[in-house]
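Asker: Starting off with a structure, shown below.
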Amino acid sequence: MLENVSVLAFDADDTLWNNETLFREAERKWAAVMSDYGTLEELSDKLYETEAANMKELGFGAKPYLISVLETSVALAGDALTGSMVGEIIAAGREIMRNPATPLPGVRETLEAIRALRRYRMVLLTKGDLLDQEHKLERSGLAGCFDRVMITSDKSCKEYLQLCELEGIGPGSLAMVGNSFKSDIAPVLELGGWGIHIPSSVMWVHEKTEEFEHPQLIRIKVFSDLLSYVG
Ligand SMILES: [Mg+2]
5 MLENVSVLAF DADDTLWNNE TLFREAERKW AAVMSDYGTL EELSDKLYET EAANMKELGF
65 GAKPYLISVL ETSVALAGDA LTGSMVGEII AAGREIMRNP ATPLPGVRET LEAIRALRRY
125 RMVLLTKGDL LDQEHKLERS GLAGCFDRVM ITSDKSCKEY LQLCELEGIG PGSLAMVGNS
185 FKSDIAPVLE LGGWGIHIPS SVMWVHEKTE EFEHPQLIRI KVFSDLLSYV G
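My numbering runs 4 ahead of the 1-based position in the sequence shown.
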């Protein structure tokens, strides 16, 4: 049971709906266009180097991805990069922005069941591009499940403290549910809150981190397992 918890915060991408799989698909299509310049794995490594270097200026999401993928293509192909290659690369990247954001199995039912308890304030906390995240929330049909939506550039202790301040609670009253140990779990545990980790099958290399045990860490396999802890 979540002792003293009054605010449940939820990550969105790869917790409520799939997202990383769309990036993988765009990357696969990009690699097909760029097959003269390396294997999928080699190209992905190059792309990640560019993304990591751009992270501070561009942040996370589909648009920064698109800039990085074009930058990497130019670096690899130079003037051999043609208009039709660029067109195909952009088209593949644009697909990420059209994520239908269909809720993962059990997500809608579980959120509605928790809401019906009237025991928690429910917050959606996601990082990335404002417009893209707003569109996904709208398409998911889940907006009505949340009392507050917070879209930030990052998810570190700073943003979690901001959330606590907005909600008028101490970090000990916050539980965060998400797939990324690095962004959703570790900072909240560090502040004294609760972390509920639901690992996703596909994880971006930037989100990979060392995991650890903690008395306020709960690991669950599927979203509906949450119901065993919030009753
Ligand atoms: Mg996530």
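C-beta atoms are modelled at their ideal positions from N, C-alpha and C, and glycine is treated no differently.
Can you give me the C-alpha to C-alpha distance between Lys186 and Glu215, rounded to a whole angstrom?
Answerer: Approximately 8 Å, taken between the alpha carbons.
Asker: I want to check one thing, is the minimum distance from the CB of Ala66 to the heavy atoms of ligand 1 below 8 Å?
Answerer: Not one heavy atom of ligand 1 falls within 8 Å of the beta-carbon of Ala66.
Asker: Quick one: what does DSSP say Ile118 is sitting in, helix, strand or coil?
Answerer: helix
Asker: In terms of residues, what are the limits of the alpha helix (DSSP H) holding His139?
Answerer: Leu134 to Ser144
Asker: Is the distance from the Cβ of Asp158 to the Cβ of Gly63 below 9 Å?
Answerer: yes
Asker: From Val78 to Met207, what distance separates their C-alpha atoms?
Answerer: 26 Å
Asker: Answer with buried or exposed for Leu121, where buried requires no fewer than 16 other C-beta atoms within 10 angstroms of its C-beta.
Answerer: exposed
Asker: Whose CA, out of Pro107, Leu193, Gly132 and Glu24, lies closest to the CA of Lys60?
Answerer: Gly132
Asker: Taking 9 Å as the cut-off, decide whether the C-beta atoms of Leu20 and Ala105 are in contact.
Answerer: yes
Asker: Pull up the distance between the alpha-carbon of Val9 and that of His201, whole angstroms please.
Answerer: 16 Å
Asker: Bridge partners for Met126 per DSSP, in chain order?
Answerer: Partner(s): Leu12.
Asker: Sort out for me which residues DSSP pairs Ala179 with in a bridge.
Answerer: Bridge partners of Ala179: Leu12 and Trp198.
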